[in-house]
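Residue numbers (full-length UniProt numbering): 1 to 203.
Virtual Cβ for every residue (Gly too), placed ideally from N, Cα, C.
See below for the structure under consideration.
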């Protein structure tokens, strides 16, 4: 996961217009590929990622000893990261933390102090907001809230924040399936009137 050079995107048929009194040259026009594939490369690679996820998760949904939880809770973060590196390449994706904060901290008495040398523990709830971007510009933004309880306040803060980022990243990888399904439906319904991977802006 590191910096990378962007894929070239063709804008041959792209048209940008403005109204009277506005010079388009004063603006920097930038495509935002949030929640939408930026190229056929990302469509194909996300498909490969999905195949790996489905193969791995088969055990969760066909084995009674696994609890009925969401995939984001069942899939280990390191496994999703490994799949991403295999599919997109180590330099083919990056994560940016847009926000990370502790929302609340509570001091909780232990149920039985005889079971612990600490009489109280600290419960911290943190929220993380991350942006996952592929090297062609395709991106998704996800948030996650996680709670951690430990005997030490500092440890609870650190653990809850780390888990919030991890779960937000897992949610981002898993959200690619929905992005592709929506994309395929829009293609089928001729939603993209100006081409699949470039847009025309009329003002």
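{"Check": "Of the residues 150, 148, 129, 147, the one placed nearest residue 140, counting alpha carbons only", "Outcome": "129"}
{"Check": "Inter-residue Cα distance where the pair is residue 204 and residue 152", "Outcome": "Because residue 204 is not part of the residues shown, which for the chain are 1 to 203, the question remains open."}
{"Check": "For residue 121, the three-state DSSP class (helix, strand or coil)", "Outcome": "strand"}
{"Check": "C-beta contact flag for residue 156 and residue 146 at 7 Å", "Outcome": "no"}
{"Check": "Pair within 7 Å by beta-carbon distance, residue 178 and residue 77", "Outcome": "no"}
{"Check": "Own chain partners of residue 37 with C-beta closer than 6 Å, once the 5 adjacent residues on each side are dropped", "Outcome": "43, 138, 183"}
{"Check": "Rounded C-alpha distance that separates residue 89 from residue 154", "Outcome": "35 Å"}
{"Check": "Other residues of its chain near residue 120: CB distance less than 7 Å, five sequence neighbours each side excluded", "Outcome": "107, 108, 109, 110"}
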